[in-house]
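Below is one structure, written out as structure tokens; the observations come after it.
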Amino acid sequence: IDTANCVNDTLRRIDNTYGLVKQHLPESGEEAGNIITIGKVASTMNDGTAAALVGADEIAKLALEQRKALFTGTDEEWDALPVEKKTIYKWRCNNHRRVLIAAEYQRAEERLDSEHKTLNENRENNCFH
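Now the structure itself:
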């Protein structure tokens with residue numbers, strides 16, 4: 076898998092989707108303050124694959140850059156903000172975790188069964204004295 080291309084493709088799709096949504100949003104006036112921006116992202120969720128982790132990192136980076144760019148205070152005021160105002164939380168999907176744990180458990184059982192079978196065959200062939 077070409078991780079860089081996957082991430083770039085995902086970001087391109089996000090850009091396209093944002094472009095479609097933005098067409099229906101006001102550009103100025105009272106309602107403009109309520110528009111969707113990546114700076115409002117508070118968290119991401121992914122399945123734990125390399126591409127998803129890189130994508131989450133990139134989204135978090137862009138969100139924080141925009142959040143800071145839109146901040147009207149000084150750098151000192153930004154630095155003084157609570158950490159949760161400057162943090163993008165990255166979560167893993169619990170369903171994916173559950174499936175990954177179940178798959179790893181199954182692989183471990185298969186390895187143990189194979190080792191147990193080999194041990195029994197060796198005993199039957201008098202390999203242990």
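In the working numbering, the protein residues as written are 76 to 204. Here a beta-carbon is modelled for each residue, glycine too, at the ideal position from N, C-alpha and C. All of these numbers come straight from a predicted model, not from anything done at the bench.
Please name the residue in the options whose C-alpha comes closest to that of residue i.
i	options	result
W166	I176, G130, K160 and L139	G130
N170	D122, Y93 and R88	D122
T78	A126, K192 and W153	A126
T162	N200, D150 and I134	I134
R142	E151, D132 and A117	A117
Just to check, is the beta-carbon of residue i closer than 6 Å to a non-hydrogen atom of the ligand FMN?
i	result
D122	What this structure holds is no ligand at all, so the ligand FMN is not there to describe.
Rounded to the nearest angstrom, how far is the Cβ of residue i from that of residue j, given a contact under 8 Å?
i	j	result
I113	L128	With a Cβ gap of about 18 Å, I113 and L128 do not count as contacting.
If I follow the unbroken alpha helix (DSSP H) through residue i, where does it start and stop?
i	result
T92	T78 to K97
K21	The chain is shown from 76 up to 204; residue 21 falls before or after that span and cannot be answered.
Please state the DSSP three-state secondary structure of residue i.
i	result
N200	coil
T162	coil
Locate the beta strand (DSSP E) running through residue i, then write down its first and last residues.
i	result
T119	S118 to N121
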